[in-house]
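Residue numbers (my numbering): 103 to 255. Even for Gly, the Cβ is constructed at its ideal location relative to N, Cα and C. As the structure is a computational prediction, the values presented were derived from the model and not from experiment. Some notes on the structure that comes next.
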């Protein structure tokens, strides 16, 4: 008779490097097409501990930035994680993502609209400063959404 473990099976590769994101964050975003900063709220929580992470962000009402949900996971065959993104506009995208050494990167490369973002964590881990860029031709990059995340106490 085999003994059953009380622990559920663990993913082959863990997303534990994303533990630093878990919790609630206030956001302030700026975009070249929006005249003033936009405030919002973001949450990160495990759907499956170490295997799937849910990221939800809500922006205050007003023009511009859509509310969105993302599911972060990975393929056992590659190092990068993947983010399935969908927003209020009905847009769906797949991004690649890494988080290593206090640097959070997310990107997607397509023929007509590529995006990349780089987030830098403060020394105490309670602030993330994200610079976003976009490209319509894959070679010329311009500012996209920049966001400062501040962990809620």
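Partner residues in a beta bridge of residue 135, as assigned by DSSP, do not exist. Look at residue 214 here: in three-state DSSP terms it is coil, with no helix or strand label. Cα atoms of residue 158 and residue 137: separation of roughly 24 Å, rounded to the nearest angstrom. Taking C-beta separations shorter than 8 Å and ignoring five residues to either side along the sequence, the partners of residue 154 in its chain run 117, 148, 173, 174, 175, following chain order.
In this structure, residue 231 places its C-beta atom within 7 Å of the C-beta atom of residue 250.
Taking a C-beta distance under 7 Å as the contact criterion, residue 229 and residue 252 qualify as a contact pair.
If you keep only unbroken beta strand (DSSP E) runs of at least 3 residues inside the region 171 to 233, you get 183 to 189, 194 to 202, 205 to 210, 216 to 223. In the three-state scheme derived from DSSP, where H, G and I count as helix and E and B as strand, residue 151 is classed as coil. In the structure shown, residue 119 falls within a helical segment according to DSSP collapsed to helix, strand and coil. By alpha-carbon distance to residue 216, the top candidate from 255, 241, 170 is 241. Here residue 171 really is in contact with residue 188; their C-beta atoms are around 6 Å apart, less than 8 Å.
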